[in-house]
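Using the numbering used here, read the sequence shown as starting at 84 and increasing by one per residue.
Virtual Cβ for every residue (Gly too), placed ideally from N, Cα, C.
Note that the structure is predicted; figures quoted are calculated from it, not measured.
To keep things clear, I will list the structure first and then write my remarks on it.
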Amino acid sequence: MSEVNLLDGAVRARLEAAAGRRGKVGLRLSRLTTIGCGGPAAFFIEAASIAHLAAILAATAELDLPWLLLGGGSNLLAADAGWPGVVIRLTGDLKKCRPDGERLDCGGGALLPRAAAAARAAGLSGLEPLAGIPGTVGGAVAMNAGAFGAAIGDLVVSVKICLPGETVLLDHEELEFAYRSARLPAGGVVGRVVLLLRQAPERDIENSLRDYGRQRASTQPAVGRTFGSVFKNPPGGKSAGELLDLAGCKGMRSGAAAVSAAHANFIVNKGGASAADVLDLMNSCRRRVRDSFGVVLEPEVRLLGGIYLDPLP
Ligand SMILES: Cc1cc2nc3c(=O)[nH]c(=O)nc-3n(C[C@H](O)[C@H](O)[C@H](O)COP(=O)(O)OP(=O)(O)OC[C@H]3O[C@@H](n4cnc5c(N)ncnc54)[C@H](O)[C@@H]3O)c2cc1C
Numbered sequence: 084m085s086e087v088n089l090l091d092g093a094v095r096a097r098l099e100a101a102a103g104r105r106g107k108v109g110l111r112l113s114r115l116t117t118i119g120c121g122g123p124a125a126f127f128i129e130a131a132s133i134a135h136l137a138a139i140l141a142a143t144a145e146l147d148l149p150w151l152l153l154g155g156g157s158n159l160l161a162a163d164a165g166w167p168g169v170v171i172r173l174t175g176d177l178k179k180c181r182p183d184g185e186r187l188d189c190g191g192g193a194l195l196p197r198a199a200a201a202a203r204a205a206g207l208s209g210l211e212p213l214a215g216i217p218g219t220v221g222g223a224v225a226m227n228a229g230a231f232g233a234a235i236g237d238l239v240v241s242v243k244i245c246l247p248g249e250t251v252l253l254d255h256e257e258l259e260f261a262y263r264s265a266r267l268p269a270g271g272v273v274g275r276v277v278l279l280l281r282q283a284p285e286r287d288i289e290n291s292l293r294d295y296g297r298q299r300a301s302t303q304p305a306v307g308r309t310f311g312s313v314f315k316n317p318p319g320g321k322s323a324g325e326l327l328d329l330a331g332c333k334g335m336r337s338g339a340a341a342v343s344a345a346h347a348n349f350i351v352n353k354g355g356a357s358a359a360d361v362l363d364l365m366n367s368c369r370r371r372v373r374d375s376f377g378v379v380l381e382p383e384v385r386l387l388g389g390i391y392l393d394p395l396p
């Protein structure tokens, strides 16, 4: 890890000059993640355009600083000790979506519900199954987020990726989308994404949005902060949620973290849960499923800040 001190005024000034805006020291990740856990980020800064993003990435590379691209923070568990590097979030133009014929050009920082609303307003259908996912379009591409049998990768035409010193355009094939994964260049940030949708009457799109919203509300916890599915579905057979349910995980607790009674693959922060509580609960659930069915569940949620699940032999 870099020897550069992020609290050094000159280092911060260099990053702020690259971003063209002020950053923040010690912003707690609990405020930036949907589960509401996590200690301070050494430095937090936002990029409002591809040019600013490229400049920030170039500065972090030059200064050899660890960095993390934060989307909606809806699939992250950040350590209680926080993250000792630069947290970068997309804003401004990188949150905007622009329809162009049957295409929707989305900033990597646009929230999926916003992108779906922009598509609906332009009479474009295709995003409805994903409209309830509370992450960004960039985060969804990085995770190949999906719901109701659809995945964002199915809609992607091309992605503009920012790397220190260059921007590359990758097409659908090059991204090699698979279940909850995409092949992004190491250290690459999804800056903009072009989606191919199809024209449909606005009323049909609205009905479809409502139906998916209802289905989501009937299967997911209505209250409490979560980060969505904790574990990936193992290949073949039962889903992670079914295995966790059959293993008796619903209602299990660790501190203020609890397995949702509505969906066994959701952990809910009942108020003031620490990342250690959540991690402990994840370990207990995973052990139960392994002991009951011999299946080792892999996390869907990304762990940040040097925290890891217990190895399961
Ligand atoms: C209530 C709830 C329901 C959910 N339902 C679903 C669901 O139905 N289906 C589903 O798939 N997921 C679901 N999720 C999980 C989550 O919303 C998705 O995985 C989402 O795609 C994560 O996006 P994000 O922007 O929040 O990413 P973050 O959680 O901020 O980050 C996740 C990872 O993506 C990387 N990343 C983020 N943005 C970029 C970018 N622009 N460029 C490169 N890398 C990036 C981050 O560095 C990190 O490694 C749900 C979550 C919640 C809280």
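Distance between A193 and L364, taken at the CA atoms: about 31 Å. In the DSSP assignment, F376 falls within the alpha helix (DSSP H) that extends over 358-376. Here the alpha carbons of G311 and R370 stand approximately 20 Å from one another.
Segment contact: the region 139-157 against the region 329-341, fewer than three CB-CB distances shorter than 8 Å; contact not assigned. Remark: the shortest separation between the CB of L115 and any heavy atom of ligand 1 does not fall under 6 Å. Listed in chain order, the non-local C-beta contacts of A345 below 8 Å within the same chain comprise T302, Q303, P304, A305, local neighbours out to five positions each way being set aside. Nearest neighbour of D163 by Cα position, chosen from F349, L292, L362, R373, turns out to be L362.
Counting every other CB atom within 10 Å of its CB across the protein chains shown gives A234 a total of 16 or more, marking it as buried. By the Cβ rule, the region 111-119 counts as touching the region 154-162, because three or more pairs are nearer than 8 Å. Taking 7 Å as the cut-off, the Cβ atoms of V220 and G175 do not count as close.
Taking a 10 Å sphere around the C-beta of Y295, we find 16 or more other C-beta atoms and assign the residue as buried. Rounded to whole angstroms, the separation of the alpha carbons of L252 and R266 is 13 Å.
The closest CA to that of G355, considering only A96, G122, L151, R105, is found on G122.
Boundaries around T250 are those of the beta strand (DSSP E), 249-254, since no alpha helix (DSSP H) includes it. Taking 7 Å as the cut-off, the Cβ atoms of Q282 and G206 count as close. Of all alpha-carbon atoms in D237, N290, A137, the one lying nearest the alpha-carbon of L279 is that of D237. Contact annotation: L195 and I216 have beta-carbon atoms nearer than 7 Å.
Taken atom to atom, the span from the alpha-carbon of V372 to that of V170 is near 34 Å.
Ranked by how close their Cα comes to the Cα of R263, the residues I139, N227, A358 have N227 in first place. In the structure shown, the three-state DSSP call for L280 is coil. Annotation: the continuous alpha helix (DSSP H) that includes I133 extends over 133-146.
Take the alpha-carbon of A359 and the one of G168: they are about 20 Å apart.
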